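Peer 1: One structure follows; several queries about it will come next.
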Amino acid sequence: GAVVSQHPSWVICKSGTSVKIECRSLDFQATTMFWYRQFPKQSLMLMATSNEGSKATYEQGVEKDKFLINHASLTLSTLTVTSAHPEDSSFYICSAKDLAGAKNIQYFGAGTRLSVL
Amino acid sequence: QKEVEQDPGPLSVPEGAIVSLNCTYSNSAFQYFMWYRQYSRKGPELLMYTYSSGNKEDGRFTAQVDKSSKYISLFIRDSQPSDSATYLCATPLQGAQKLVFGQGTRLTINP
Numbered sequence: 028g029a030v031v032s033q034h035p036s037w038v039i040c041k042s043g044t045s046v047k048i049e050c051r052s053l054d055f056q057a058t059t060m061f062w063y064r065q066f067p068k069q070s071l072m073l074m075a076t077s078n079e080g081s082k083a084t085y086e087q088g089v090e091k092d093k094f095l096i097n098h099a100s101l102t103l104s105t106l107t108v109t110s111a112h113p114e115d116s117s118f119y120i121c122s123a124k125d126l127a128g129a130k131n132i133q134y135f136g137a138g139t140r141l142s143v144l
Numbered sequence: 508q509k510e511v512e513q514d515p516g517p518l519s520v521p522e523g524a525i526v527s528l529n530c531t532y533s534n535s536a537f538q539y540f541m542w543y544r545q546y547s548r549k550g551p552e553l554l555m556y557t558y559s560s561g562n563k564e565d566g567r568f569t570a571q572v573d574k575s576s577k578y579i580s581l582f583i584r585d586s587q588p589s590d591s592a593t594y595l596c597a598t599p600l601q602g603a604q605k606l607v608f609g610q611g612t613r614l615t616i617n618p
């Protein structure tokens, strides 16, 4: 149980285009999902907390207009990187909290590698 | 001082050895602790979840929490090359939904 599916796993795009990443909880409901960014050989950096039906809460220094988050249902959150540039190239990972599960455990997706040319 | 400190390694041990991975934390109010395993270019996978002080065992893995010392450990017995990964300790930030992660320890098990 507690499977989080993230799609796509790898995307290459041209500078200036937008990219959407999907995060789905497959076998549980998640009122809260999280989006992280990870640079090589570094730990996870939380970008934003996404709550179903409400606006996301962004961490300090994260551009809201650059990284659009939508959490429209209890099983789906999306991250859209708008007008992507090479500096946005990174590994993006989502996670979800099980509404009915043990306290504060987050289950992670497999990650999306974004390469902006 | 970081809320959770973890030696980034890298740590390299021979197959079959006992591995000890450690984290320290600064806030005595932290109550829940997790260990995640992350393979290269993959998302973290939950290994262990502990609440109280003491040991919790799951197969070859044992998580240990010492709240008096603010010290958490993960032991891996009979280590295998497939255990080669980065191991992250984490704890929920009090009053918030987010997790605080250690830096992660890169572990390599040599055949």
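Note that the protein sequences, when read in sequence, are chains A and B.
Take the position in the first sequence, starting the count at 1, then add 27; the result is the number in my numbering.
Take the position in the second sequence, starting the count at 1, then add 507; the result is the number in my numbering.
Glycine residues also receive a C-beta, built at the ideal position from the N, C-alpha and C atoms.
Note that the structure is predicted; figures quoted are calculated from it, not measured.
By DSSP, does S580 (chain B) sit in helix, in strand, or in coil?
Peer 2: Position 73 of the second sequence, counting from 1, holds the residue named residue 580 (chain B). S580 (chain B) falls in the strand class under three-state DSSP.
Peer 1: Is the beta carbon of F568 (chain B) closer than 8 Å to that of L71 (chain A)?
Peer 2: Position 44 of the first sequence, counted from the first residue, corresponds to residue 71 (chain A). Position 61 of the second sequence, counted from the first residue, corresponds to residue 568 (chain B). No, they are not a contact pair.
Peer 1: Tell me the rounded alpha-carbon separation between K41 (chain A) and L581 (chain B).
Peer 2: As a position in the first sequence, residue 41 (chain A) is number 14, starting the count at 1. As a position in the second sequence, residue 581 (chain B) is number 74, starting the count at 1. Straight-line measurement puts the Cα of L581 (chain B) at about 43 Å from the Cα of K41 (chain A).
Peer 1: Please report the straight-line C-alpha distance between N78 (chain A) and T105 (chain A), rounded to a whole angstrom.
Peer 2: Residue numbering aside, residue 78 (chain A) sits at position 51 when the first sequence is read from its first letter. Residue numbering aside, residue 105 (chain A) sits at position 78 when the first sequence is read from its first letter. C-alpha separation (whole angstroms): 11 Å.
Peer 1: Could you confirm whether any beta carbon from chain A is found closer than 8 Å to the beta carbon of F568 (chain B)?
Peer 2: The residue labelled residue 568 (chain B) in the question sits at position 61 within the second sequence. No, F568 (chain B) lies away from the interface with chain A (no Cβ there is under 8 Å from its Cβ).
Peer 1: Using the Cα positions of K124 (chain A) and S52 (chain A), report the straight-line distance between them to the nearest angstrom.
Peer 2: Within the first sequence, residue 124 (chain A) is the residue found at index 97, counting from 1. Within the first sequence, residue 52 (chain A) is the residue found at index 25, counting from 1. The alpha-carbon of K124 (chain A) is positioned some 9 Å away from that of S52 (chain A).
Peer 1: Quick check on G523 (chain B) - is its C-beta less than 8 Å from some C-beta in chain A?
Peer 2: The count along the second sequence starts at 1 and reaches residue 523 (chain B) at position 16. It does not; no Cβ of chain A falls within 8 Å.
Peer 1: Please list the partners that M541 (chain B) has in chain A, where partner means a Cβ-to-Cβ separation under 7 Å.
Peer 2: Mapped onto the second sequence, residue 541 (chain B) falls at position 34. Per Cβ cutoff of 7 Å: I132.
Peer 1: Starting from L553 (chain B), trace the beta strand (DSSP E) in both directions and tell me its first and last residue.
Peer 2: By one-based count along the second sequence, residue 553 (chain B) stands at place 46. E552 to T557 is the extent of the beta strand (DSSP E) around L553 (chain B).
Peer 1: Check whether the Cβ of D514 (chain B) lies closer than 7 Å to any heavy atom of the ligand HEM, and answer yes or no.
Peer 2: Looking for the ligand HEM in the displayed structure turns up nothing, as the structure carries no ligands at all.
Peer 1: Any Cβ of chain A within less than 8 Å of the Cβ of P599 (chain B)?
Peer 2: Numbered from 1 along the second sequence, position 92 holds the residue referred to as residue 599 (chain B). Answer yes: the Cβ-Cβ gap between P599 (chain B) and chain A drops below 8 Å somewhere.
Peer 1: Can you check whether the CB of T615 (chain B) is closer than 8 Å to the CB of D514 (chain B)?
Peer 2: Here residue 514 (chain B) is taken as the residue at index 7 of the second sequence, counted from 1. Here residue 615 (chain B) is taken as the residue at index 108 of the second sequence, counted from 1. It is not a contact, given that the beta carbons lie outside the stated cut-off.
Peer 1: Can you tell which of A:V30, A:S32, A:G43 and A:W37 has the C-alpha that lies nearest to the C-alpha of K93 (chain A)?
Peer 2: As a first step, residue 93 (chain A) is located in the first sequence; it is residue number 66 there, counting from the start. If we check each option's Cα against that of K93 (chain A), A:G43 comes out closest.
Peer 1: When the Cβ atoms of the stretch 136-143 of chain A are set against those of the stretch 79-99 of chain A, are three or more pairs found closer than 8 Å?
Peer 2: no
Peer 1: By the criterion of Cβ-Cβ separation under 9 Å, what are the contact partners of Q610 (chain B) in chain A?
Peer 2: Position 103 of the second sequence, counting from 1, holds the residue named residue 610 (chain B). Under the 9 Å cutoff, chain A gives Q69 and S70.
Peer 1: In the DSSP assignment, find the unbroken beta strand (DSSP E) run with A196 (chain A) in it and report its ends.
Peer 2: This structure cannot speak to residue 196 (chain A), because chain A is shown only from 28 to 144.
Peer 1: Can you find the residues in the same chain that come closer than 8 Å, C-beta to C-beta, to A524 (chain B), ignoring five residues on each side of it along the sequence?
Peer 2: Working through the second sequence from its first residue, we reach residue 524 (chain B) at position 17. Taken in chain order, the residues that qualify are S586 and I616.
Peer 1: G551 (chain B): buried (16+ other C-beta within 10 angstroms of its C-beta) or exposed?
Peer 2: The residue you call residue 551 (chain B) lines up with position 44 of the second sequence. Strictly speaking, residue 551 (chain B) in this sequence is Pro, with Gly absent from that position. P551 (chain B) comes out buried.
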